[in-house]
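Have a look at the structure below, then the notes.
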Amino acid sequence: MTQGTALNQSARLEALLSALADQGACSIADLATAFDVSEETIRRDIRRLEQDGAVRKVHGGVRLPDRRAEAPWRQRLNINAEAKKRIAAHAAELVEPGMTLLLDSSTTVFWLARRIASVRDLTVVTNSLETAGELAALSDARIFLAGGAVNPAYRASFDADAAAYANRFVPDLAFFSIVAVDAAHGFLDHEPEEAAYARAVLPNARKAVCLTDASKFGAAGRAQAADWSQVAMIVTDQPPPAAVAAAARDGGVEVRIA
Numbered sequence: 001m002t003q004g005t006a007l008n009q010s011a012r013l014e015a016l017l018s019a020l021a022d023q024g025a026c027s028i029a030d031l032a033t034a035f036d037v038s039e040e041t042i043r044r045d046i047r048r049l050e051q052d053g054a055v056r057k058v059h060g061g062v063r064l065p066d067r068r069a070e071a072p073w074r075q076r077l078n079i080n081a082e083a084k085k086r087i088a089a090h091a092a093e094l095v096e097p098g099m100t101l102l103l104d105s106s107t108t109v110f111w112l113a114r115r116i117a118s119v120r121d122l123t124v125v126t127n128s129l130e131t132a133g134e135l136a137a138l139s140d141a142r143i144f145l146a147g148g149a150v151n152p153a154y155r156a157s158f159d160a161d162a163a164a165y166a167n168r169f170v171p172d173l174a175f176f177s178i179v180a181v182d183a184a185h186g187f188l189d190h191e192p193e194e195a196a197y198a199r200a201v202l203p204n205a206r207k208a209v210c211l212t213d214a215s216k217f218g219a220a221g222r223a224q225a226a227d228w229s230q231v232a233m234i235v236t237d238q239p240p241p242a243a244v245a246a247a248a249r250d251g252g253v254e255v256r257i258a
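Numbering (the UniProt record's numbering), first residue to last: 1 to 258.
Now the structure itself:
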């Protein structure tokens, strides 16, 4: 559960849910140490998640409300949901009939999948069980699931088998999301296996598009998913800070505000 550097709140809430998915329960002290924040910050995070019914407070710690309850991925879907939906709606305008798309396992890209369900003659490659299932139910797209060992917290596969399968395709657009956009290091995740999957598959796309809300600008992440040269566009909900905007400009990355 060691994170190494402090995450922004949005990323921390997602990481906290992932930790609970792995362990069932965690102490406030351990979470504060893992995320490099104060115990009071963790208590505020827990209160926010508890309001959504995502966690249950216990003495000195927190746990999932029920091991059979809603999956952590489904809970993350509702974090910053309105911003994610706006970003997804804007990104959907990039999708045209007949395209081949690579969709990652992020919740923002899941919202995009819902928006493009009516677009005709799509071929979609994804490592996400949730995204594949949603499109299978709502669209007539040809869906290819990049499979391997499934990470239950993310409802997705990130291993070498998944990457090798995804790389059989040459997508017109690859849509992905991350936990941090850093002026010096590019696009970062806090899970090394998730970042490794992105590094393996994004270069095969004709154009990579990052979908991210503004809380990720200047946030912390442990592993690089892509550098500035590998991404063509960022779709976000607010203008990035000066350092990130300059890095995007220098890297030739277009920034669109939803």
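For glycine and all other residues, C-beta sits at the position ideal for the given N, C-alpha and C.
Q. For the stretch 104-117 against the stretch 127-141, are there 3 or more C-beta pairs whose distance is under 8 Å?
A. The stretch 104-117 vs the stretch 127-141: in contact.
Q) Given Gly148, which residues of its chain have a CB within under 6 Å of its CB, disregarding the five upstream and five downstream residues? A) Around Gly148: Ser157, Asp159, Asp161 and Ala162.
Q: Reducing DSSP to helix, strand and coil, say where Thr33 ends up.
A: Three-state result, Thr33: helix.
**Q.** Within the stretch 53-93, ranges of the beta strand (DSSP E) (whole runs, at least 3 residues)
**A.** Whole beta strand (DSSP E) segments, 3+ residues: 56-58 and 61-63.
Q. According to the neighbour-count rule (16 or more other Cβ atoms, all chains shown, within 10 Å of its Cβ), is His59 buried or exposed?
A. By the Cβ-count criterion, His59 is exposed, with fewer than 16 other Cβ atoms from all chains shown falling within 10 Å of its own Cβ.
Q) How about Val244 and Gly218: do their beta carbons lie closer than 8 Å? A) Closer than 8 Å, so yes.
Q.
I'd like to check one pair, Asp227 with Val86: are the Cβ atoms closer than 8 Å?
A. Reading the sequence as shown, one finds Arg at residue 86 and not Val. In this structure, Arg86 lies away from Asp227, with their beta-carbon atoms at least 8 Å apart.
Q | Counted within 10 angstroms of its Cβ, other Cβ atoms place Ala113 as buried (16 or more) or exposed | A | Of the other Cβ atoms in all chains shown, 16 or more fall within 10 Å of the Cβ of Ala113; this residue is therefore buried.
Q) Three or more beta-carbon pairs under 8 Å between the stretch 162-177 and the stretch 200-209, yes or no? A) Because the criterion of three Cβ pairs below 8 Å is met, the stretch 162-177 and the stretch 200-209 touch.
Q.
Suppose you measure from the CA of Leu188 to the CA of Ser177; what does that come to, to the nearest Å?
A. Computed Cα separation, rounded: 9 Å.
Q.
Given a cut-off of 8 Å on the beta-carbon distance, is the pair Val119 and Val95 in contact?
A. Between Val119 and Val95, the C-beta gap is smaller than 8 Å, which places the two residues in contact.
Q: May I ask you to list the residues that DSSP assigns as paired with Phe187?
A: Answer is Val181 and Ala226.
(Q) For Ala223 and Ala146, I'd like the C-alpha separation in whole angstroms. (A) Whole-angstrom Cα-Cα distance: 22 Å.
Q: Could you pull the start and end residues of the alpha helix (DSSP H) that Ala131 belongs to?
A: According to the sequence provided, residue 131 is Thr. The question's Ala does not apply to it. Element bounds for Thr131: Leu129 to Leu138.
Q: Could you have a look at Thr108 and say whether DSSP puts it in helix, strand or coil?
A: Helix, per DSSP.
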